[in-house]
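Note that my numbering numbers the sequence shown so that position 2 is 448, with each residue one more than the last. For glycine and all other residues, C-beta sits at the position ideal for the given N, C-alpha and C. Remember, predicted model here, so these are calculated numbers, not experimental data. Down below is the structure, laid out as structure tokens.
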Amino acid sequence: MIIDWLTFAPALCLLLVPIGLFHGKKIRFCDISRDWEGHRSAILALSLHWIDLTRAALGGWLLIHALTHAPGIAGFMRYSILGIEGAVMVLAVGLQTFVCKEEDSAHAPFAFVTGLVLGVYPPIVAGFSIALAIALAAGSRVPVAYFPALGVLLAGIGFGFEGKKALILLGLGTCALILPWLFTIMFPRDLVFSYRARQRSLDAENALPPRR
């Protein structure tokens with residue numbers, strides 16, 4: 447196995463740094479099980495979501511190009527490469543989910559997992575999977591369904607287009623994508639999404655007397 451460290455190191459930096467570390471005082475959180483109607487514009491206005499999407503896509507692309515087979519060696523080395531790629535993806539999604547500044551909560555990394563799929567998998571597989579997962583989650587009005595739906599669709603559509611050769615990487619990607627959903631089942635914590643607080647809300651908070 448050949449590791450291009452000039453590519454692998456930036457990939458790790460882009461993927462493994464939790465976005466939750468950059469949530470400042472103007473960021474607010476809302477349980478994803480609540481109605482999104484009043485928060486959609488505030489969610490889209492938060493630049494960290496777009497940064498998350500972009501850096502996950504770039505990090506995923508760098509990850510799969512950083513590891514290559516040594517000449518004349520196959521079999522075990524191929525599985526080693528896939529294992530490393532899968533481990534990084536699982537760890538990356540786990541860190542984005544578990545690191546959250548909201549007490550007793552976990553962060554729902556919608557933008558991150560979307561970018562990761564775009565960066566790691568072929569465009570046609572990623573595009574169909576994301577579009578259908580969004581439609582299913584929106585149609586069911588259960589936002590957390592996006593994660594398992596994306597994972598299952600990625601495996602099914604990827605197998606249809608790529609065949610058995612991509613089965614391992616598709617399976618590892620599915621494991622990473624369903625992590626936020628599994629977190630809601632395994633731990634007594636709320637899964638929340640972040641949005642930018644409106645200026646009127648901030649002014650109202652600042653006008654409140656300090657707690658004693």
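Query raised in the report: Where do the N-terminal and C-terminal ends of the alpha helix (DSSP H) with Cys459 fall, by residue?
Result: Looking up residue 459 in the sequence shown gives position 13. Element bounds for Cys459: 451-462.
Report task. Quick one: grab the DSSP three-state call for Gly495. Result -> Indexing the sequence shown from 1 puts residue 495 at position 49. Note that residue 495 is His in the sequence shown, not Gly. The answer is helix: DSSP assigns His495 an H, G or I state.
Requested in this report: Tell me, please, which residues DSSP counts as bridged to Arg474.
Outcome: For the purposes of this step, residue 474 is taken as residue 28 along the sequence shown, with counting starting at 1. In DSSP, Arg474 forms a bridge with Tyr641.
Query raised in the report: From Thr620, Ala457, Trp451, Arg635, pick the residue whose C-alpha is nearest to that of Arg501; which is it?
Result: For the purposes of this step, residue 501 is identified with residue 55 of the sequence shown, where counting begins at 1. For Arg501, the nearest C-alpha among the options comes from Ala457.
Query raised in the report: Among the residues of its own chain, which have a CB less than 6 angstroms from the CB of Gly686, if the five just before and after it don't count?
Result: Because the chain in this structure spans residues 447 to 658, residue 686 falls outside the shown range and cannot be described.
Query raised in the report: Can you tell me whether Leu460 is buried or exposed, with buried defined as 16 or more other CB within 10 angstroms of its CB?
Result: Translated into positions along the sequence shown, residue 460 becomes position 14. Here Leu460 is buried. Its C-beta has 16 or more other C-beta atoms within 10 Å.
Query raised in the report: If we count the other Cβ atoms within 10 Å of its Cβ and call it buried at 16 or more, is Ala577 buried or exposed?
Result: To locate residue 577, count along the sequence shown from 1; it is residue 131. Under this definition Ala577 is an exposed residue.
Query raised in the report: Pairing CB atoms from the stretch 465-472 with CB atoms from the stretch 628-636, are three or more of them under 8 angstroms?
Result: Here the stretch 465-472 does not lie against the stretch 628-636, with fewer than 3 beta-carbon pairs under 8 angstroms apart.
**Report entry** Beta-carbon proximity list for Gly597, same chain, < 7 angstroms, skipping 5 on both sides
**Finding:** Residue 597 sits at position 151 when you count from the first residue of the sequence shown. For Gly597, where only same-chain residues beyond five positions count, the Cβ hits under 7 angstroms are Thr620, Leu623, Ile624.
Requested in this report: Taking all protein chains shown into account, decide if Ile465 is buried (16 or more other Cβ within 10 angstroms of its Cβ) or exposed.
Outcome: Taking the sequence shown and counting its residues from 1, one reaches residue 465 at position 19. Label assigned to Ile465: buried.
Requested in this report: Assign Arg587 to buried or exposed, taking buried as 16 or more other Cβ atoms, counted over all protein chains shown, within 10 Å of its Cβ.
Outcome: Taking the sequence shown and counting its residues from 1, the one referred to as residue 587 is at position 141. Exposed, because fewer than 16 other Cβ atoms sit within 10 Å of the Cβ of Arg587.
Query raised in the report: CB Val534 to CB Leu509, shorter than 8 angstroms?
Result: The residue given as residue 534 occupies position 88 in the sequence shown. The residue given as residue 509 occupies position 63 in the sequence shown. One thing to note: Val534 has its Cβ within 8 angstroms of the Cβ of Leu509.
Query - Euclidean distance between Cα positions of Phe639 and His553 - result: Counted from its first residue, the sequence shown places residue 639 at position 193. Counted from its first residue, the sequence shown places residue 553 at position 107. Approximately 6 angstroms, taken between the alpha carbons.
**Report entry** Closest Cα partner of Asp498 within the set Ile527, Ala538, Ser575
**Finding:** Position 52 of the sequence shown, counted from the start, is the residue given in the question as residue 498. When each option's Cα is compared against that of Asp498, the closest is Ala538.
Query raised in the report: Of all the options Gly602, Phe454, Cys476, which has the alpha carbon lying nearest to the alpha carbon of Glu549?
Result: To locate residue 549, count along the sequence shown from 1; it is residue 103. When each option's Cα is compared against that of Glu549, the closest is Cys476.
Query raised in the report: How many angstroms separate the CA atom of Leu528 from the CA atom of Ala579?
Result: Stepping through the sequence shown from its first residue, residue 528 is reached at position 82. Stepping through the sequence shown from its first residue, residue 579 is reached at position 133. Leu528 and Ala579: Cα-Cα distance of roughly 25 angstroms.
Query raised in the report: For the stretch 550-594, which segments carrying the alpha helix (DSSP H) assignment without a break, of at least 4 residues, lie completely within its bounds, in sequence order?
Result: 556-566, 569-586
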